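Worksheet for the structure shown next.
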Amino acid sequence: MAKSFLALAIILYFCLFQCFAASGSMRKAKRIRARIPCKTLVFYFHDIIYNGHNAGNATAAIVGAPAWGNMTILASQNHFGDLVVFDDPITLDNNLHSTPVGRAQGFYIYDKKEIFTAWLGFSFVFNSTEHKGSINFAGADPLMNKTRDISVIGGTGDFFMTRGIATLMTDAFEGEVYFRLRVEINLYECW
Amino acid sequence: MAKSFLALAIILYFCLFQCFAASGSMRKAKRIRARIPCKTLVFYFHDIIYNGHNAGNATAAIVGAPAWGNMTILASQNHFGDLVVFDDPITLDNNLHSTPVGRAQGFYIYDKKEIFTAWLGFSFVFNSTEHKGSINFAGADPLMNKTRDISVIGGTGDFFMTRGIATLMTDAFEGEVYFRLRVEINLYECW
Amino acid sequence: MAKSFLALAIILYFCLFQCFAASGSMRKAKRIRARIPCKTLVFYFHDIIYNGHNAGNATAAIVGAPAWGNMTILASQNHFGDLVVFDDPITLDNNLHSTPVGRAQGFYIYDKKEIFTAWLGFSFVFNSTEHKGSINFAGADPLMNKTRDISVIGGTGDFFMTRGIATLMTDAFEGEVYFRLRVEINLYECW
Chain A
1389 MAKSFLALAI
1399 ILYFCLFQCF
1409 AASGSMRKAK
1419 RIRARIPCKT
1429 LVFYFHDIIY
1439 NGHNAGNATA
1449 AIVGAPAWGN
1459 MTILASQNHF
1469 GDLVVFDDPI
1479 TLDNNLHSTP
1489 VGRAQGFYIY
1499 DKKEIFTAWL
1509 GFSFVFNSTE
1519 HKGSINFAGA
1529 DPLMNKTRDI
1539 SVIGGTGDFF
1549 MTRGIATLMT
1559 DAFEGEVYFR
1569 LRVEINLYEC
1579 W
Chain B
1389 MAKSFLALAI
1399 ILYFCLFQCF
1409 AASGSMRKAK
1419 RIRARIPCKT
1429 LVFYFHDIIY
1439 NGHNAGNATA
1449 AIVGAPAWGN
1459 MTILASQNHF
1469 GDLVVFDDPI
1479 TLDNNLHSTP
1489 VGRAQGFYIY
1499 DKKEIFTAWL
1509 GFSFVFNSTE
1519 HKGSINFAGA
1529 DPLMNKTRDI
1539 SVIGGTGDFF
1549 MTRGIATLMT
1559 DAFEGEVYFR
1569 LRVEINLYEC
1579 W
Chain C
1389 MAKSFLALAI
1399 ILYFCLFQCF
1409 AASGSMRKAK
1419 RIRARIPCKT
1429 LVFYFHDIIY
1439 NGHNAGNATA
1449 AIVGAPAWGN
1459 MTILASQNHF
1469 GDLVVFDDPI
1479 TLDNNLHSTP
1489 VGRAQGFYIY
1499 DKKEIFTAWL
1509 GFSFVFNSTE
1519 HKGSINFAGA
1529 DPLMNKTRDI
1539 SVIGGTGDFF
1549 MTRGIATLMT
1559 DAFEGEVYFR
1569 LRVEINLYEC
1579 W
């Protein structure tokens, strides 16, 4: 009898421990969450801005500009006020000519006179065997920083309801016409 | 004594089960969440684009366009680059003349040369006895698909902090001036 | 023996209580969450729209306008269709000349003909000892209301993955060139 009682006490001890651990981590769950991505993805995308002479392969165009600007040349004062719409190919490596795995679609607006910065609103749209669905992004892009973080504000399909952080890096650029971005997407909310 | 001991053991068994179930589902909660909406809403909204001749009843206007476009005619190349601002009535059925229950306010940008696609940023704004507050949306809209999913990125008032998915469907259109969208909103985070 | 048994029963009772409390609050956590901010911040930001004569101190510019508008004068019909890009100083008090603690960068679009309303997409960008990182906002701004709520849709750095509500208040304005907004940011998701 004493032996079973001891066994019972030991089991009970672990149960109690579980109980308090459970309620404790639940309380913490509201405040501190693990910053461990549930998914990480790396892509490149390629932006070729229309300049009046490259209609054939341009993937982006200026569609809004300040009083001192126009729609074929990025404006003075660090392009402040230029609104650019894009439909850029997404590739797995840094080669513009690799087979695209999706499209980056949306806009950016240059928003500072003294330096290059932009505000981004766009989506990655996938429709391949690998990925179906979209990832939606928004945030400030201080272009001159080596890396910049923007928000993953939602997703659909394979990326249903996701949230996270996308780290942008300018991988290459040629004049004011072509630039290539590397994006590392870390998703912290997966459903 | 043996009997009470048995009863105690049984209770303990269930407690242990609870303990492990609780800690287990908590661990899972971080990874897999139920895709069951906490709220579903269906609305229609009606977009009448200003074309130079319909100032009286237009609810939308082109305010940005590429070099080859203008502000009264949607541009060639599938309207690529056209930025449209709207303040559209929201109705409960598909009748433009039904009493609006709110306004759909924001913008879309046509963003592909080869086919109709757009990027949307807008809100549903309600101020009735039924609903007070706003629902905020963002995402890619591949218009030619029968249904397309965008993200509900937030909300205020009755829709405080909500997140979810909105499924758009083109319910009708007339030329390039009027179109009507059906929206099914499934909210998966309700506060 | 009977005494220890009693003690055991009492401990067990509390454990059971814990078990059920834990599983209960977890079930509720999915549905009803506490509307208690994990962080509250108050800032002011200052918008000076370019009007053709204030290039030196303008912080914003019209970059999109409807057919009846232009880039130096806000359009008739309550500025419907005007797209404004801004890079505004953020201050801790309501003084335009206080040392900025960050920049408010993004855009607003006036989106209603009958009254002043706008749709906002912007970020607060901080890079001081106090705050590093960004807060991203989106939502409808019915300017004529004393206070209006928009969504905090994400954040980076010190504001990693945050969500919440920002309450805007027009603190002052001068003609159609200068206006000052007070923003109270209540974050309900902190990581």
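In the order they appear, the protein sequences are chains A, B and C.
Numbering of the first sequence is given in the numbering used here, commencing with residue 1389 and proceeding in unit increments.
Numbering of the second sequence is given in the numbering used here, commencing with residue 1389 and proceeding in unit increments.
Numbering of the third sequence is given in the numbering used here, commencing with residue 1389 and proceeding in unit increments.
Backbone N, C-alpha and C define an ideal beta-carbon position, used for all residues, glycine too.
Only a predicted model underlies this, so the values are computations on that prediction, with no experimental measurement involved.
- Not one beta carbon of chain B lies nearer than 8 Å to the beta carbon of I1436/C.
- Under the three-pair Cβ rule at 8 Å, the segment 1492-1506 of chain B counts as touching the segment 1466-1481 of chain B.
- Looking at the backbone, the Cα of F1561/C and that of A1528/C are separated by about 19 Å.
- Interface annotation for the segment 1522-1551 of chain B against chain A: A1526, G1527, A1528, P1530, D1537, I1538, S1539, V1540, I1541, R1551, criterion Cβ-Cβ distance under 8 Å.
- Residue burial is scored here from C-beta neighbours: M1459/A has at least 16 other C-beta atoms within 10 angstroms and is therefore classed as buried.
- Annotation: the continuous beta strand (DSSP E) that includes E1577/B extends over 1566-1577.
- Taking 8 Å as the threshold, the shortest C-beta distance from D1499/B to chain A falls below it.
- At a cut-off of 8 Å, the C-beta of F1514/A has no neighbouring C-beta in chain B.
- Within its own chain, the residues whose Cβ lies closer than 8 Å to the Cβ of K1501/A, once the five positions on either side in sequence are excluded, are Q1465, N1466, F1468, listed in chain order.
- With a threshold of 8 Å between beta carbons, A1560/B makes no contact with chain A.
- At least 8 Å separates the beta-carbon of R1536/B from that of W1579/A.
- Looking at the DSSP output, V1430/A shares a beta bridge with E1572/A.
- Counting C-beta atoms within 10 angstroms of its own C-beta, T1544/B has 16 or more neighbours from the protein chains shown and is therefore classed as buried.
- If you draw a straight line from the Cα of I1436/B to the Cα of L1508/B, it is about 16 Å long.
- Within the DSSP bridge table, the entry for W1507/B names I1497/B, A1528/B as partners.
- In the three-state reduction of the DSSP assignment, V1489/C falls in the coil class, being assigned neither a helical nor a strand state.
- Excluding five sequence positions before and after T1550/B, the CB atoms of its chain that fall closer than 8 Å to its own CB belong to K1427, I1523, V1540, G1542, G1543, L1575, E1577, C1578, W1579, given in chain order.
- Take the alpha-carbon of G1552/A and the one of G1440/B: they are about 43 Å apart.
- Going by beta carbons, I1573/A and M1532/A fall outside the 8 Å limit.
- Residue nearest to S1516/A within the set T1479/A, K1534/A, P1425/A is T1479/A (criterion: CA-CA distance).
- Under the Cβ criterion of 8 Å, M1557/B is not counted among the residues facing chain C.
- Residue pairing for R1551/B: DSSP places it in a beta bridge opposite E1577/B.
- Secondary structure within the segment 1427-1488 of chain A: the beta strand (DSSP E) runs of 3 or more consecutive residues, fully enclosed, are 1427-1436, 1448-1452, 1471-1479 (chain order).
- Taking CB atoms only, P1488/A has no neighbour in chain C less than 8 Å away.
- In terms of beta-carbon proximity, G1509/B lines the interface with chain A, with at least one pair separated by less than 8 Å.
- By the Cβ-count criterion, G1452/B is buried, with 16 or more other Cβ atoms from all chains shown falling within 10 Å of its own Cβ.
- Between R1568/C and N1482/C, the beta carbon gap of about 6 Å places them in contact (Cβ cut-off 8 Å).
- Per DSSP, the beta bridge partners of S1522/A are V1513/A, T1544/A.
- The contact set of W1579/C on chain A, defined by CB atoms closer than 7 Å, consists of R1421, R1423 in chain order.
- Within the model, the alpha-carbon separation for A1448/A versus Y1438/A is close to 6 Å.
- The straight-line gap separating the alpha-carbon atoms of F1510/A and I1450/B is approximately 20 Å.
- Of all alpha-carbon atoms in T1505/C, A1446/C, I1461/C, L1429/C, the one lying nearest the alpha-carbon of K1534/C is that of T1505/C.
- Annotation: Cβ neighbours of L1471/B in chain A (cutoff 9 Å, chain order): V1451, G1452, L1471, V1473, F1495.
- The C-beta separation of F1433/C from A1492/C comes to about 4 Å, placing the pair in contact by the 8 Å criterion.
- Among the residues facing chain B, T1479/A is not included, as its CB has no counterpart in that chain under 8 Å away.
- Per the DSSP secondary-structure output, R1536/B pairs in a beta bridge with L1556/B.
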